[in-house]
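J.: Below: one structure in structure tokens.
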Amino acid sequence: MSTNPMFIPNLRIACWGEGEDQEKCIEQTRENLKILEEELKGKKFFGGDAIGLVDIVASYIAFWTGVIEKVNGVYLNNEENHSNLLKWSQEFLISGVVNKSLPNREELTALYQATKQAILAKKVSVN
Numbered sequence: 052m053s054t055n056p057m058f059i060p061n062l063r064i065a066c067w068g069e070g071e072d073q074e075k076c077i078e079q080t081r082e083n084l085k086i087l088e089e090e091l092k093g094k095k096f097f098g099g100d101a102i103g104l105v106d107i108v109a110s111y112i113a114f115w116t117g118v119i120e121k122v123n124g125v126y127l128n129n130e131e132n133h134s135n136l137l138k139w140s141q142e143f144l145i146s147g148v149v150n151k152s153l154p155n156r157e158e159l160t161a162l163y164q165a166t167k168q169a170i171l172a173k174k175v176s177v178n
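When we follow the numbering used here, the leftmost residue of the sequence shown carries the number 52, and every step to the right adds one.
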């Protein structure tokens, strides 16, 4: 499995960016998600039936990206194009050890929303 080394930077711009750069990064991120989608075909987790290293590394997609998508209204994962990835995310997030290790989703969403509002307010005051 090989994704573009710019995957995480593109993902960040896709979620937090604006304009043409954001649109370009959304498309590049969706292409990279297709690679992960293919890797999951017929498997519960990337390594098979148990959580492994790749699942832990990809936890950014399962948890953090979902929160950022909600805050910014930019949705990169969808059932039509990434059904395996969405199923994996749900399975990964409900597993006991993972669920106990992650921050509270609602609190994180509120924090990201406040951060976004502060950034936007700062942009307005500078302009």
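Don't be surprised by glycine CBs; every beta carbon is placed ideally from N, CA and C. Remember, it's a predicted structure, so these values are computed and weren't measured experimentally.
Would residue 117 be called buried (16 or more neighbouring beta carbons within 10 Å of its own) or exposed?
T.: On the sequence shown, position 66 is the one that residue 117 refers to. Its Cβ being crowded by 16 or more others within 10 Å, residue 117 is buried.
J.: Report the three-state DSSP secondary structure of residue 98 (helix, strand or coil).
T.: Numbered from 1 along the sequence shown, position 47 holds the residue referred to as residue 98. It is coil, neither helix nor strand.
J.: Would you decide whether residue 72 is buried or exposed? Buried here means 16 or more other CB atoms lie within 10 Å of its CB.
T.: Here residue 72 refers to the residue found at position 21 when the sequence shown is read from its first residue. The residue in question, residue 72, is exposed, as its Cβ has fewer than 16 Cβ neighbours within 10 Å.
J.: Considering only C-alpha positions, which residue in the set 163, 77 and 149 is nearest to residue 59?
T.: Taking the sequence shown and counting its residues from 1, the one referred to as residue 59 is at position 8. Cα-wise, what sits closest to residue 59 is 77.
J.: Quick one: what's got a C-beta closer than 7 Å to residue 114's C-beta in the same chain, skipping five residues either side?
T.: Mapped onto the sequence shown, residue 114 falls at position 63. Excluding sequence neighbours, residue 114 sits near 144 and 153.
J.: Excluding five sequence neighbours on each side, which residues of the same chain lie with their C-beta closer than 6 Å to the C-beta of residue 80?
T.: As a first step, residue 80 is located in the sequence shown; it is residue number 29 there, counting from the start. Once the five neighbours on either side are set aside, the close Cβ partners of residue 80 are 61, 62, 65 and 127.
J.: According to the neighbour-count rule (16 or more other Cβ atoms, all chains shown, within 10 Å of its Cβ), is residue 148 buried or exposed?
T.: Here residue 148 refers to the residue found at position 97 of the sequence shown. The residue in question, residue 148, is exposed, as its Cβ has fewer than 16 Cβ neighbours within 10 Å.
J.: Could you give the DSSP three-state label for residue 69: helix, strand or coil?
T.: Taking the first residue of the sequence shown as position 1, residue 69 is located at position 18. It is coil, neither helix nor strand.
J.: Buried or exposed, going by whether 16 or more other CB atoms sit within 10 Å of the CB of residue 134?
T.: Residue 134 sits at position 83 when you count from the first residue of the sequence shown. Exposed, since its Cβ has fewer than 16 Cβ neighbours within 10 Å.
J.: Would the beta-carbon of residue 131 fall within 8 Å of that of residue 137?
T.: If you number the sequence shown from 1, residue 131 lands on position 80. If you number the sequence shown from 1, residue 137 lands on position 86. Their beta carbons are not under 8 Å apart, which means residue 131 does not touch residue 137 by this criterion.
J.: Work out the CA separation of residue 168 and residue 141 for me, nearest whole Å.
T.: Walking along the sequence shown from the start, residue 141 turns up at place 90. Walking along the sequence shown from the start, residue 168 turns up at place 117. Spanning the two alpha carbons is a distance of roughly 29 Å.
J.: Apart from the five residues on each side of it in sequence, which residues of its chain come closer than 8 Å, Cβ to Cβ, to residue 85?
T.: Position 34 of the sequence shown, counting from 1, holds the residue named residue 85. Excluding positions up to five away in sequence, the list reads 132 and 133.
J.: Rounded to a whole number of angstroms, what is the C-alpha to C-alpha distance between residue 57 and residue 111?
T.: One-based indexing of the sequence shown puts residue 57 at position 6. One-based indexing of the sequence shown puts residue 111 at position 60. Near 15 Å, if we compare the C-alpha coordinates of residue 111 and residue 57.
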